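Numbering (our numbering), first residue to last: 217 to 343.
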């Protein structure tokens, strides 16, 4: 009986790392960066013009201190390029991708909350 208890204790210790004094930290794989990225800052959007391949997605990143609601042109209908409308409201530090941009065309976009601000307007060309 004592041997069984000793064997169970040894197996449990081995399963727990054997009392190692240096804990291991699991590595978290980072998501690959989207090369099709539009950054929003207090100065506006950058780049203002971006060309992507059909089927691509565009990542919008809000690095401003205020929220922005990115939408397709024209304001206020937003019907020119519906995949852009999936970005929607971005609070500071948030990011979101469009859905797939399938159709070959040029799509204008703007901040719905500030549609006349030219620094917050841009174009995505799909070709």
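By construction, the Cβ of each residue, glycine as well, lies at the ideal position given by its N, Cα and C atoms. Only a predicted model underlies this, so the values are computations on that prediction, with no experimental measurement involved.
Local Cβ density within 10 Å of residue 338, reported as buried at 16 or more and exposed below that: Here residue 338 corresponds to residue number 122 of the chain shown, with the count starting at 1. Its Cβ being crowded by 16 or more others within 10 Å, residue 338 is buried.
Sub-7 Å separation of residue 340 and residue 274 beta-carbons: Reading the chain shown from its first residue, position 124 is the one you call residue 340. Reading the chain shown from its first residue, position 58 is the one you call residue 274. It is a contact, given that the beta carbons lie within the stated cut-off.
Residue 301, enclosing alpha helix (DSSP H) - first and last residue: Reading the chain shown from its first residue, position 85 is the one you call residue 301. Here the alpha helix (DSSP H) through residue 301 covers 298-301.
Boundaries (first-last residue) of the beta strand (DSSP E) holding residue 262: For the purposes of this step, residue 262 is taken as residue 46 along the chain shown, with counting starting at 1. Start and end: 260-262.
Bridge-paired residues (DSSP) for residue 271: Numbered from 1 along the chain shown, position 55 holds the residue referred to as residue 271. None; residue 271 has no bridge partner.
Coil, strand or helix - residue 255 by DSSP: The residue you call residue 255 lines up with position 39 of the chain shown. Note: residue 255 maps to strand in three-state DSSP.
Straight-line gap, residue 281 to residue 309 (C-alpha atoms, nearest Å): One-based indexing of the chain shown puts residue 281 at position 65. One-based indexing of the chain shown puts residue 309 at position 93. Going from the Cα of residue 281 to the Cα of residue 309 covers about 8 Å.
Which of helix, strand or coil DSSP assigns to residue 309: Position 93 of the chain shown, counted from the first residue, corresponds to residue 309. Coil, per DSSP.
For residue 334, the three-state DSSP class (helix, strand or coil): As a first step, residue 334 is located in the chain shown; it is residue number 118 there, counting from the start. DSSP places residue 334 in helix when its eight states are reduced to three.
Rounded separation between residue 306 and residue 320 - CA only: Walking along the chain shown from the start, residue 306 turns up at place 90. Walking along the chain shown from the start, residue 320 turns up at place 104. Computed Cα separation, rounded: 26 Å.
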